[in-house]
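Undergrad: Below you'll find the structure I mean.
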Amino acid sequence: MTAYTQQLDQKIQYLQQLFQGLDFPEIEVFESPEQHYRMRAEFRIWHEGGEMFYAMFERGQKASGASLIRCDQFPAASESINALMPKLIEAAAQNPELKNRWYAVEFLSALSGEMLVTMIYHKKLGEAWQRAAETLARELGIHIIGRSRGQKIVLTQDYITEELNVNGKTFRYRQVEGSFTQPNARVCEKMLGWACDVAQNLSGDLLELYCGNGNFTLPLSQHFRQVLATEVSKTSVYAAQWNIEANRRDNIKIARLSAEEFTEAYTQSREFRRLQEQGISLKDYGFSAIFVDPPRAGVDEETLKLVSQFDNIIYISCNLETLRANLDTLCRTHAVKRAALFDQFPFTHHIESGVYLKKK
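If you're matching positions, the sequence shown starts at 417 in this note's numbering and goes up one per residue.
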């Protein structure tokens, strides 16, 4: 048994133990590549003598030399990040404007081949830095953002365009620097495929809460007459709108509301001008299913009451404890028909899971 298989088996056992007492189907397991699965990576830039290198610090340790881990390569990160790492630091080391007081770096890569690098400094960035960074970006074929306190300099763009394959179809996503995206692209494709497989026999309209940049929204929209998705982050809403247009999904509308606000709108306890301004009337929808991918805190109590009204529930979770608490409520009215484990974060304790519930 390999180290990867062993850690995955431990996650499966934990998932099975946590859901004891519930009528649960066999868990579908979706593995991750063992290396080069992370599309994002962050490092400190460590200056020691005349040398400069990437560094991380042991979990729970203070950022000091004693806990320092040098990272000339990072096998968890994508192959494109690993290929760029030595080129970037070597080029920066030869230019004082790029090297001096360079404090940290963030890489955002894509299966499409695009790369965005954010270089973070402990100094004010001026025109000389910008000229040097523009030359570096051209030489390496990447996009660069410069950051320091109170500054953000975008040389060309602050996003990359990712391409994900879902059941043989390619979807394009704008992923903006600093906004949430799934870090493991290959497992993300499997998550999207699983959700679409669940949805293929459903019909009517879909309501989605916490839609982010439309990661699940786009492929799921193939299986429904209309989709109404909600998201409170302006950055994510703008990205989602671009993604909808780029993928020509004309049956999707985004409501810039939190899950709590949408619950108030749905129950007609409060009116929102934002819905009117966006040309959204809830009377136009006949929802047969709801999709939720909530933050780690899970679904709040009032929203959970809303979720339980739907015949079909697809629930993606990044926190098994809050999922279990939510299921204790939902399983009073619904039965779990399918369950999945997505190994989004190999070699960590984090587990991404999915359940499909149908009203009894």
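The beta carbon of each residue, even a glycine, is placed where N, CA and C say it ideally should be.
Count the other C-beta atoms from every protein chain shown that fall within 10 angstroms of the C-beta of PRO710, then say buried if there are 16 or more, exposed otherwise.
TA: A residue is called buried when at least 16 other Cβ atoms come within 10 angstroms of its Cβ; PRO710 meets this threshold and is buried.
Undergrad: Going by the beta-carbon positions, is the gap between GLU718 and GLU676 smaller than 8 Å?
TA: Yes.
Undergrad: Decide yes or no for the touch test of the stretch 591–604 against the stretch 567–578: beta carbon pairs closer than 8 Å, at least 3 of them.
TA: Contact between the stretch 591–604 and the stretch 567–578 is present, because at least three Cβ pairs lie under 8 Å.
Undergrad: Determine the extent of the alpha helix (DSSP H) in which GLN616 is found, giving its start and end residues.
TA: Element bounds for GLN616: n/a, residue is neither H nor E.
Undergrad: Less than 8 Å separating the beta-carbons of PHE596 and GLY566?
TA: For PHE596 and GLY566, no; Cβs fall outside 8 Å.
Undergrad: Do HIS639 and ALA615 have their beta-carbon atoms positioned less than 8 Å apart in this structure?
TA: Between ALA615 and HIS639, the CB-CB gap stays under 8 Å.
Undergrad: Counting only runs of 3+ residues fully inside the stretch 500–545, write out the beta strand (DSSP E) ranges in chain order.
TA: Counting only runs of 3+ residues, the beta strand (DSSP E) found wholly inside the stretch 500–545 occupies 518–525, 531–537, in chain order.
Undergrad: For LEU691, which residues from the same chain have a beta carbon less than 8 Å from its beta carbon, with the 5 sequence-adjacent residues on both sides left out?
TA: ALA671, LEU673, ALA681, SER697, LEU698
Undergrad: Quick check on this structure: which residue in ASP716, TYR772, GLY770, PRO762 has the alpha carbon closest to the alpha carbon of PRO491?
TA: The shortest C-alpha separation from PRO491 is found at PRO762.
Undergrad: Grouping DSSP H, G and I as helix and E and B as strand, with all else coil, what is ALA492?
TA: coil
Undergrad: Rank ASP759, GLN436, TYR519 by C-alpha distance to the C-alpha of SER769 and give the top, closest one.
TA: ASP759
Undergrad: How long is the line joining the alpha carbons of SER494 and GLN684, rounded to whole angstroms?
TA: 47 Å
Undergrad: Using 8 Å as the threshold, is the C-beta distance between ASN659 and VAL643 below it?
TA: no
Undergrad: What are the complete beta strand (DSSP E) segments, minimum 3 residues, inside the stretch 551–600?
TA: When DSSP assignments are scanned along the stretch 551–600, the uninterrupted stretches of beta strand (DSSP E) that are 3 or more residues long and fall wholly within it turn out to be 559–564, 567–570, 575–582, 585–592.
Undergrad: In the DSSP assignment, what residue or residues form a beta bridge with THR646?
TA: ALA671
Undergrad: In whole angstroms, what separates the C-alpha of LEU636 from that of LEU434?
TA: 29 Å
Undergrad: For HIS765, count neighbouring C-beta atoms within 10 Å of its own C-beta (all shown protein chains included) and say buried if the count is 16 or more, exposed if not.
TA: exposed
Undergrad: How would you call GLN510, buried or exposed, if buried means at least 16 neighbouring beta carbons within 10 angstroms?
TA: GLN510 comes out exposed.
Undergrad: Closest to PHE707 by CA distance: which of LEU722, VAL570, GLN694 is it?
TA: LEU722
Undergrad: On the DSSP letters alone, give me the boundaries of the alpha helix (DSSP H) that ALA741 sits inside.
TA: Taken as a continuous stretch (DSSP letters only), the alpha helix (DSSP H) holding ALA741 covers 736–746.
Undergrad: When the Cβ atoms of the stretch 496–509 are set against those of the stretch 464–473, are three or more pairs found closer than 8 Å?
TA: yes
Undergrad: Using the three-state DSSP reduction, which class does GLY609 fall into: helix, strand or coil?
TA: Three-state result, GLY609: helix.
Undergrad: I'd like the span of the beta strand (DSSP E) that includes ASP621, first residue to last.
TA: 621–625
Undergrad: Using beta-carbon positions only, say whether ALA755 and LYS776 come within less than 8 Å of one another.
TA: no
Undergrad: If you draw a straight line from the C-alpha of ALA499 to the C-alpha of PRO599, how long is it?
TA: 18 Å
Undergrad: Please report how far the alpha carbon of GLU512 lies from the alpha carbon of LEU757, in whole angstroms.
TA: Per the sequence shown, the amino acid found at residue 512 is Pro instead of Glu. One C-alpha to the other measures close to 48 Å.
Undergrad: Would the stretch 452–464 and the stretch 517–537 be scored as touching if the rule is three or more Cβ pairs under 8 Å?
TA: yes
Undergrad: In the DSSP assignment, find the alpha helix (DSSP H) that holds ARG664 and state where it starts and stops.
TA: Per DSSP, ARG664 belongs to no alpha helix (DSSP H) and is neither H nor E.
Undergrad: In or out: HIS538 buried (at least 16 other Cβ within 10 Å) or exposed?
TA: exposed
Undergrad: Determine the contact status of THR646 and LEU622, defining contact as a CB-CB distance below 8 Å.
TA: no
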